[in-house]
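In what follows, a structure is listed as structure tokens, so that the remarks can point back to it.
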Amino acid sequence: MLFRNVLIVLVLATPWLMISVSAKSPMAPGDITIPEAEKKGSKKPPVYSIKRGQLLYENHCQVCHSSVVHIREKRKAKNTGAIRSWVIHWSKYLKLSWSDGEIDEVVHYLNSRYYKYRK
């Protein structure tokens with residue numbers, strides 16, 4: 011009887027759970043651009059534009075770093091060069107093999123999101 015009641019509750023609650031999960035999208039509108047369908051026979055791959063620096067940071071750095079690291083009073087990074095040095099240091103430490111472009115994207119994301127230093 012208990013199993014049946016739990017099953018009924020789960021079946022009835024599923025649509026509400028799906029609505030609440032889809033409503034909490036972490037990306038803001040406009041972060042992803044998906045092109046319209048290409049003409050038949052076109053060999054161009056689809057183009058996707060995503061805030062790459064933010065994605066790299068969230069996937070590799072945010073495990074240890076919360077936003078508190080960047081907004082505390084005694085910041086270690088005093089300019090964009092220092093931010094870049096820290097990103098390089100930790101990307102090497104974690105053996106991420108980031109390219110210069112990826113490092114630049116993470117630095118740009120951190121500076122625009124937290125630090126607001128002039129370049």
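Each number in our numbering corresponds to the 1-based position in the sequence shown with 10 added.
Note that CB positions come from ideal geometry on N, CA and C, so glycine has one too.
Being a predicted model, the structure only gives us computed values, none of them experimental.
Query: Within 8 Å, strictly: CB atoms of R82 and E115; Result: no
Query: CB contact flag (Q64, Y119, <8 Å); Result: yes
Query: V117 beta carbon less than 8 Å from that of V97; Result: yes
Query: Close Cβ partners of H70 (< 7 Å) along its chain, the five nearest in sequence each way excluded; Result: L104, L106
Query: Residue burial classification, S122 (beta-carbon count within 10 angstroms, cutoff 16); Result: exposed
Query: When W100, K126, M11 are compared against T90, the one with the closest alpha-carbon; Result: K126
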